[in-house]
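Okay, so here's the structure we're looking at.
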Amino acid sequence: MVFIDGYTVSALVAYAVLCALLRYRQKHAIEAKFQMSLGDMTLLQAYEIQKWLGEQEFPATFSASIFFALFKTYGVPSISRLLVATGQIADRNNSHDLERTSKRAADTSVLITNMVIGRPGSRRAIEAVARTRFLHAGYRKDGKISDDDMLYTLSLFVLEPIRWVAQYEWRCLTDLERCAMATCWKALGEDLDIPYGRLPSSQEERGWSDALHWLRELDEWSRAYAHQNVRLHKSNTILAGATMDMVIFKLPKIAKPAGQYIVSIILGPGLRNAMGLPCPSPYHEAAFHGMIAIRKFIVRHLCLPRPYFLRRRHLLDHPDPQTGRYNVARWRVHPWYARPSSSFKSLWSIGNWLRWMRGGPLSPPPSENKFLPEGYKIREVGPSQFTGKGGKEMDKIEETLRGRSLDVCPFASL
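Heads up: the sequence shown runs through residues 2 to 415, numbered per the numbering used here.
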């Protein structure tokens, strides 16, 4: 029998307390840095807070929540039918179709990341918004993408990270942090030309008092929209199957069924039924929530807060000086836009070894030019039929976006 003396116990308790204190100290430091009325928060202040949340405080949770926010839109037939009709997402499980699906996911990730992580008013953020608007313009003009579908998608992008942190992290977001996220996403929605006419206060002269007021109304509308529109459809099941293949791609074959059940638990019964996904047993749900509880305890009491120099970088700071193209910092399933690397960190990461266990390469082979290792230009991202198109349209959009004021509160004039 192994005995632990009193000094060891005291040291372990002291370390656990220290971890918790340092974690809360980092949170309090952000609150002290941005002391202001929530109704006075500027877009730049909101951006700094959201960037800290996504890169240092909850990087894995934020990244996963954005992926699942997009996944959840596939439970709405009006959205899923269009995506299936475009042929960008495969309806069969083979390597070629999975590449097509992962390409669409990579393009979406590139545009969203540049819009959200790119500094407001920066060239890359403006170009990402303009490219997204151009890609959607024809479908919106023809009525294939409704304003309600756009608003619902936006609502999930802002609400899912908040919900994920509350459910899966060691603490919930503060009012300051939620206000920052709402401020950023409301401004982004305006840049994307998404109308807020469905929200009650949009019809009132005073509008919203602050970003949290807007967030509450968006949450209520989003839940009502989902209740009315999320329902079973064949196109939902096609998208869900293709996306599920991506989610569990890196898992060994023996672990794939468990991965499917975890995804089903995360989506919840409503979306699970609308997508035709397997129903987990009470044992699976209990095991999942037990693991989450253990993780919360470990992160709060045994893990030191992430320092700035270890932040998760979702974007590379600068393009290649010779080509003007950006490479991605991270990739999923297939290395679209990833520069092949032989560095120690790249070769010996856990993700690479999981990929190797299922028969994939440890690093993107230099010969795989089909995954565009030279990188991307934001104004070229998207389906192949849009390659080289939209220059004039995007120029006009970018011109209108450059006039946004960044150092005033977006709600100040409401």
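C-beta atoms are modelled at their ideal positions from N, C-alpha and C, and glycine is treated no differently. Predicted model, so just to flag it, every value in this text is computed and none were measured.
Asked, Found
"Looking only at its own chain, which residues have a Cβ that is under 7 Å from the Cβ of Phe289, when we skip the five neighbours before and after it?", "Ile263, Ile266"
"If you measure between the beta carbons of Val111 and Ile239, is that distance less than 7 Å?", "no"
"Look at the alpha carbon of Tyr16 and the alpha carbon of Pro201, and state the distance between them as a whole number of angstroms.", "49 Å"
"Leaving out the 5 sequence neighbours to the left and right, which residues in its chain are closer than 6 Å to Ser343 when beta-carbon positions are compared?", "With a pLDDT of only 47 at Ser343, under the threshold of 50, the placement of this residue in the model should not be trusted, and no figure is reported."
"Could you tell me the alpha carbon to alpha carbon distance between Cys20 and Leu316, rounded to whole angstroms?", "29 Å"
"How about Gln27 and Pro306: do their beta carbons lie closer than 7 Å?", "yes"
"Between the alpha carbons of Lys52 and Tyr284, how many angstroms are there, rounded?", "37 Å"
"Based on Cα-Cα distance, which residue from Phe69, Ser66, Met245, Lys187 lies nearest to Tyr48?", "Lys187"
"Tell me where the alpha helix (DSSP H) around Pro283 begins and ends.", "283 to 303"
"Please determine, among Leu45, Ala129, Val77, the residue with the shortest C-alpha to C-alpha distance to Tyr327.", "Ala129"
"May I ask which residues mark the beginning and end of the alpha helix (DSSP H) holding Lys235?", "235 to 248"
"Leaving out five residues on either side along the sequence, give the residues of the same chain with a beta carbon under 8 Å from the beta carbon of Pro374.", "Asn328, Pro336, Tyr338, Ala339, Arg340, Pro341, Pro365, Pro367"
"I need the straight-line Cα distance from Leu44 to Gln261, nearest angstrom please.", "39 Å"
"Label Phe310 either buried or exposed according to how many other C-beta atoms from any shown protein chain fall within 10 Å of its C-beta, with 16 as the threshold for buried.", "exposed"
"Any chance the segment 374 to 389 sits against the segment 110 to 125, with 3 or more Cβ pairs inside 8 Å?", "yes"
"DSSP beta-bridge partners for Tyr8?", "Tyr8 pairs with nothing; no bridge assigned."
"Please report the residue range of the alpha helix (DSSP H) in which Tyr262 lies.", "257 to 276"
"Check the C-beta distance from Gly76 over to Val231 and give it rounded, since I have them as a contact under 8 Å.", "4 Å"
"Using 7 Å as the threshold, is the C-beta distance between Asp150 and Ser210 below it?", "no"
"What is the C-beta distance between Ile127 and Leu402, in whole angstroms, given that I count them as a contact (C-beta under 8 Å)?", "5 Å"
"From what residue to what residue does the alpha helix (DSSP H) around Gly392 run?", "392 to 402"
"I'd like to check one pair, Trp171 with Glu301: are the Cβ atoms closer than 7 Å?", "Checking the sequence shown, residue 301 turns out to be Arg, not Glu. Yes."
"Rounded to whole angstroms, what is the Cα-Cα separation between Phe412 and Arg134?", "24 Å"
"Quick check: Pro384 and Gln89, are their CB atoms within less than 7 Å of each other?", "yes"
"Just curious, the alpha helix (DSSP H) that Gln229 is in, first and last residue?", "212 to 230"
"Can you give me the start and stop residues for the alpha helix (DSSP H) that His319 sits inside?", "It is not in any alpha helix (DSSP H) - His319 carries neither H nor E in the DSSP assignment."
"With distances taken between CB atoms, is the gap from Met167 to Cys173 smaller than 7 Å?", "In the sequence as presented, Met is not what sits at residue 167; that position holds Ala. Yes, these two residues count as a Cβ contact at 7 Å."
"Under a three-way DSSP split, which group does Val166 fall into?", "helix"
"Going by DSSP, name the residue or residues bridged to Val329.", "Leu316"
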